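*Asks:*
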Amino acid sequence: MTWENLSVRRIIIHEVYPRRDDRSIVPPAYGQQLIALSPGGMAEFSNRVMSVIGSRSQSMEMTIKAPTGASLIEVCRDIAECHDDEFVIMSRRFADMLTNAQLARKLPGGIVVIFDGAVGEDDSRLVGVIKAETHSGFRRTPNFEVQFVNDLFLTPQTKLYKLGIFVRSNDDTTAEFPINWSATVYDNQMSASNRDGAAQYFYESFLGCVLPATGSRMTRKFYEHTKNFIGKMDATPEKKADYIAGLYSYLKVDQSETIDCSTFSNQFFPPETRDSYSSFMLSQEFPMSAIRKDISEISNQLKRRRISFDRNIQLTGPSDAFEKLVTVRDVMIEVAAVGDAAPTEEPATEIIIRGSARDVE
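Each residue of the sequence shown is one higher than the one before, starting from 98 at the first, in the numbering used here.
#1: Out of curiosity, what's the CA-to-CA distance linking P125 and R389?
#2: If we ignore side chains and look at the alpha-carbon of each, how far apart do F184 and F191 end up?
#3: What is the DSSP secondary structure of S148, counted as helix, strand or coil?
#4: By the 10 Å Cβ neighbour count, where 16 or more other Cβ atoms means buried, how is V282 classified, buried or exposed?
#5: Under 7 angstroms between the Cβ atoms of R106 and G214?
#6: Check N285 in the structure and name its three-state DSSP category.
#7: Could you check where the alpha helix (DSSP H) with I395 kicks off and where it finishes?
#8: Which same chain residues, not among the five before or five after A296, have their C-beta less than 7 angstroms away from its C-beta?
#9: Can you tell me where the alpha helix (DSSP H) with P373 in it begins and where it stops?
#10: Are C358 and M385 close, meaning C-beta to C-beta below 7 angstroms?
#11: How about the stretch 228-246 and the stretch 119-137: do they share at least three Cβ pairs that are nearer than 8 angstroms?
#12: Can the beta-carbon of M159 be found less than 7 angstroms from the beta-carbon of A280?
#13: In the DSSP assignment, what are the bridge partners of M159?
#14: If you compare alpha carbons, which of S121, G207, T252, S143 is closest to L200?
#15: Cα separation between D456 and V226?
#16: Short of 7 angstroms in beta carbon distance, which residues of its chain neighbour A177, apart from the five on each side in sequence? Order them along the chain.
#17: Is the separation between the beta-carbon of V423 and that of I450 shorter than 7 angstroms?
#18: Using the C-alpha atoms, what's the distance from A167 back to E141?
#19: Roughly how many angstroms lie between the CA atoms of M187 and I109, to the nearest whole one?
#20: Once you ignore the five residues that flank R317 on each side, which residues in its own chain have a CB closer than 6 angstroms to its CB?
#21: Can you confirm whether the stretch 404-422 touches the stretch 371-385 when touching is taken to mean that 3 or more C-beta pairs between the two stretches lie within less than 8 angstroms?
#22: If contacts are defined as beta-carbon pairs under 8 angstroms, then E431 and E442 qualify, I think. What distance do you get, rounded to the angstrom?
#23: At what residue ranges does the stretch 220-264 contain a whole run of the alpha helix (DSSP H), taking only runs of 4 or more?
#24: Quick one: grab the DSSP three-state call for E335.
#25: Measuring CB to CB, does K228 end up less than 7 angstroms from G207?
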């Protein structure tokens, strides 16, 4: 979604607090009136919202869960059409619902900013909510004295906030609610390679959204879960290295546009392992159906291979070179006897690298 021409109409703030030591709720403090910003202040607030919600690396469109009768999307639907006095009262629901969603004592409190407005050429209605943690700083007074302030929020430098925006589409006003609404979430903990960094209590428990099953995210999940399964297998290092090589090949070399657990398992795992792999992936809530392959979130991981050994010894290199030039196999080596004891054998790993050593550090 594009965020051009975003304008904010009304703003109000409340404050939420961390839970007490016994995990009981501290009631939020409610703002009593709309915030009256100057035209310049309102424009700066709108620009601040546009700059973060338009960040491709730390914001993403999410799927709105089905309404339950007490979902935030239903509050947004109602508050978007209400008068100012009703807006003040109804906005308290945001603070109440965020307070209930923050189950862990370690979650900080903060300022809750609720706003509405419009976006796009067709002025689609929007409702947004920000959770902003406060921080301290200094300000210059008119007589050039310095004043310490300990409750600053939403400054350009701070990154300690989360933002959710719901937009109602004007394209299809007859669509069944909430199909005609979309949700976009910004979280400073999220990155392009780790969409799961977003705080689940905020986007799911509070906003009522879930991460979309995009090809890039699901491909990364497939890679991470399969690699984890291989790491826990009761198999020799040689076999595990073969399975990892198969995983890299399946994702990077195979020309298929989709991936699925069954195809990978049948191609790279022995029959006695396939059922346990399927069970493991199901336990991770990974679908058994085919998904679109998109390696954009794991492209860096697929560029290099690494094998770790005891005593912090590692072998690393480009994955393509590993496939062509490196052979790993298990062997038994004879260990010299101590004193009158007979020699013994112990397992070891033999690595053959086609080519000569170039540098030694």
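Yeah, the Cβ is synthetic: ideal placement off N, Cα and C, and Gly gets one too. All of these numbers come straight from a predicted model, not from anything done at the bench.
*Replies:* Let me lay it out:
#1: 44 angstroms
#2: 11 angstroms
#3: helix
#4: buried
#5: yes
#6: coil
#7: Note, I395: premise wrong, no alpha helix (DSSP H); not H, not E.
#8: K259, D284, Q286
#9: First, the amino acid is wrong: residue 373 is Ser here, not Pro. That run of the alpha helix (DSSP H) goes 368-380.
#10: yes
#11: no
#12: yes
#13: A280
#14: S121
#15: 56 angstroms
#16: D213, R222, V224, R265
#17: yes
#18: 33 angstroms
#19: 11 angstroms
#20: E394, I395
#21: no
#22: 6 angstroms
#23: none
#24: helix
#25: yes
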